[in-house]
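Protein chains in written order, with my numbering: chain Y, 3 to 107; chain P, 3 to 107. We put the CB at the ideal spot given by N, CA and C, even for glycine. Below is one structure, written out as structure tokens, with a few remarks after it.
There are 2 protein chains.
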Amino acid sequence: MASSKKEEFTQEDNWLADVAKALSHPARIRILKILTEMDSCMVGSIVDKLPLAQATVSQHLKELKRVGLIDGDIVGPKICYCVNNKNLAKAKTALDKLFSKIGCC
Amino acid sequence: MASSKKEEFTQEDNWLADVAKALSHPARIRILKILTEMDSCMVGSIVDKLPLAQATVSQHLKELKRVGLIDGDIVGPKICYCVNNKNLAKAKTALDKLFSKIGCC
DNA sequence: ATCGTTCATCGTAAATATACGATAGATTTA
DNA sequence: TAAATCTATCGTATATTTACGATGAACGAT
């Protein structure tokens, strides 16, 4: 990439792009859906439902966690992941705002 | 990436991820905003408003065009880009659906 | 026909992302 | 304590993305 020019854009545009990046892989879309469909949210259960290795799923979870769309709570030897509704709502609001702004030609 | 596993996911999840990918760079968010703020939508005008080289902007426009979020109409030697409202609405609907689905924990 | 303008594409370099096996750390269970 | 389980991280390979200069193709104007 030579030298990432991201600091040349506004914080808002960068944040929106970051949220979009977190959603830019089908595995991560799937994970978000799984987390709400299932009662349990252990990593193992998620891995079972995806065509990916455990290490790879862990990386995707890390990416979703990085932007705050999910939380991971330690429960004994396991980790219970769940969506972060507050940040999810924040993301939805920001995307709505973008779409309503760019909705003309 | 070894061997992209994207074909192992549903078409819907892949499409949503693809739209999100198109939005996953601040320059492309900015471009969408510029296209609605400006009367003119020549590439040159967009380049002037971004801290990027013309070739780079052209690549970003190509990515937005790939997923159908913008159209490019040839006008003489220039090309007039504008947002594609139909596909924009489709993307918004799909994202809304996703967010409403995953909105619980 | 030639020139200048406009934009896409090519070639290339560096950064990131994706994927996996192997391993390490933490914790429960035996 | 030892063994088993669960998950993050490391190391690594490959693919993709981002960025730019240079070039080429298309068009209007001279």
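Against chain Y, the CB of Leu-100/P has a partner CB under 8 Å away; the residue lies at that interface.
In the structure shown, Lys-80/P adopts extended strand secondary structure according to DSSP, grouped into three states. Taking CB atoms only, Asp-15/P has a neighbour in chain Y less than 8 Å away.
The DSSP-derived three-state label of Val-69/P is coil. Cβ proximity to chain P below 7 Å picks out Pro-53 and Leu-54 from the stretch 53-65 of chain Y. Residues of the stretch 74-106 of chain P with a C-beta less than 9 Å from any C-beta of chain Y: Cys-84, Val-85, Asn-86, Asn-87, Leu-90, Ala-91, Ala-93, Lys-94, Leu-97, Asp-98, Leu-100, Phe-101, Ser-102, Lys-103, Ile-104, Gly-105 and Cys-106, listed in chain order.
Sixteen is the threshold: since fewer than 16 other Cβ atoms of the shown chains lie within 10 Å of the Cβ of Ile-76/Y, the residue is exposed.
By the criterion of a C-beta distance shorter than 7 Å, Asn-16/P is surrounded in its chain by Lys-8, once the five residues flanking it on both sides are discounted. Under the DSSP assignment, Leu-37/P falls in the alpha helix (DSSP H) whose first and last residues are 28-39.
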